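These notes are about the structure you will find just below.
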Amino acid sequence: MKNNEKSTRYLRQVALPEIGRRGQQKLAQTKVLVVGLGGLGSPAALYLAGAGIGRLGLCDIDRVEESNLPRQVLYSHEDIDKPKVEAAKHRLTAYAPELETELFADGFTEAEPSDEILKNYDLILDCSDNQPCRYLINRRARTLGISVVYAAIHRFEGQVAVFNGRGGPCYNCLFPQKSNTAMVPDCAQAGVIGVLPGIIGCHQALEALKIILELGESLEGRLLLFNALNLDVRKLKIPKEPLCEVCGTETKAESEQISKKSSRCGSISASELRRAIAGDESEIILLDVRQPEEYLLERIEGSVTLPLDELDDRIESLDKDKSYVLYCRSGARSRLACERLVSAGFQRVKNLTGGYLAWSALEPV
């Protein structure tokens, strides 16, 4: 082990039976890549360095700006105009002299040899603030089997999740790249209260330590939502999307085959549904057959949640004389639900083609 085993620096941490000297040694041998050294990456990197992580990869293309200082605690006024990776290294190694660092000032893009960067690390912290980078991290990490601790902030709200590189849902399951559900403005556009990224970045660091040390119950496959205005904390299960382009197990051919088997069900496009809902004569009942956690995250206004796995138990409560449109995220689960309703004698049932993804892609009216 490195010298930090013998140092008094980590006595309080080593005193925890769940960590001990063996856990401290494991931390010293671990390499973590922090992508994004802004409001999230700053506290996360500081606390990981303070915990005794052996090596931190520091990835950011930006330079320090004065407007960064209220929330990006790695930097001081003297760091303005300096590359963030260099200023961060200076601060972190002064704070934890035994820390090894590797700098990536060109960022993390399709043009960079991202696999070469990632494969040398045990864990990734996604502290980035742009969607292309997040999707790229997700794809590369999934290919290499590396877990990602993800976080994001928006105004007074923050979220954290863990995506296991060896299984379970991925970032694209939560926010499909073809939808616009994750396209929120960055801090420069929407604003953010300075203390919030500190809270969420510390959550990221804590999740990283739990994963490395195999402590407690991680946020793997779950999304933690934090509201700074009322201190409300919720944890939602992230469903694994069968048709996910990154980790899905169902192919387009299989999806089309399901569609053929469900040919007794009618279908309706997103634009047709919008026109039907807008019509005065419309009495359509919208049924969302996804899990309640998905329904809470995003839904078509006016829809009712009826999870697919509860459909058989609740089918008697549905009026066969009513008109129903069923939807899920992509249309696969709702096709199965449509088939069940038709088999039970329902005749006025349609499936929303493309699911919520198609609905969310509609141009605003």
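Counting the sequence shown from 1 gives a position; our numbering is that position plus 30. For each residue, glycine too, the CB sits at the ideal point set by N, CA and C. Quick caveat, the model's predicted, so the values are computed rather than measured.
Compare the C-alpha of Glu369 against each of Arg305, Ser37 and Cys295 and name the closest.
-> Put simply, of Arg305, Ser37 and Cys295 the residue whose alpha carbon is nearest the alpha carbon of Glu369 is Cys295.
Considering only residues of the stretch 326–365, which uninterrupted alpha helix (DSSP H) runs meet the minimum length of 4 residues and lie entirely inside it, listed in chain order?
-> As far as the stretch 326–365 is concerned, its whole alpha helix (DSSP H) runs of at least 4 residues are 341–344.
Identify, in the order they occur along the chain, each residue of the same chain with its Cβ nearer than 8 angstroms to the Cβ of Lys352, setting aside the five sequence neighbours on each side.
-> Glu313, Ile315 and Arg378
Indicate whether Leu148 and Leu174 have their beta-carbon atoms separated by less than 8 angstroms.
-> Judged by beta-carbon spacing, Leu174 lies within the 8 angstroms limit of Leu148, meaning their Cβ atoms are closer than that value.
In its own chain, which residues sit with a C-beta less than 8 angstroms from the C-beta of Ala171, not counting the 5 before and 5 after it?
-> Within the same chain, Ala171 has close Cβ partners Leu148, Ile154, Ser177, Val178, Phe193 and Gly195.
Is DSSP giving Val64 helix, strand or coil here?
-> It is a strand residue.
Nearest-angstrom Cα separation, counted from Tyr125 out to Lys119 | 10 angstroms
Secondary structure of Ile110, DSSP reduced to three states | coil
With 16 other CB atoms within 10 Å as the buried threshold, where does Arg101 fall?
-> buried
Hey, how far is the Cα of Glu116 from the Cα of Pro162?
-> 24 angstroms
Sort out for me which residues DSSP pairs His233 with in a bridge.
-> Answer is none; His233 lacks a bridge partner.
Express the C-alpha separation of Gly251 and Gly66 in angstroms, rounding to a whole number.
-> 22 angstroms
Got a sec? Which residues, its chain only, sit under 7 angstroms from Met213 by beta carbon, not counting five neighbours each side?
-> Because Met213 carries a pLDDT of 44, less than 50, the predicted location of this residue cannot be relied on, and the following value inherits that uncertainty. Gln161, listed in sequence order.
Rounded distance between the beta-carbons of Leu253 and Leu204, thought under 8 angstroms | 7 angstroms
For Lys56, three-class secondary structure by DSSP = If DSSP states are grouped into helix, strand and coil, Lys56 belongs with the helices.
Put Ser177 into one of helix, strand or coil per three-state DSSP.
-> strand
Which residue comes first and which comes last in the alpha helix (DSSP H) that contains Gly71?
-> Gly71 to Ala81
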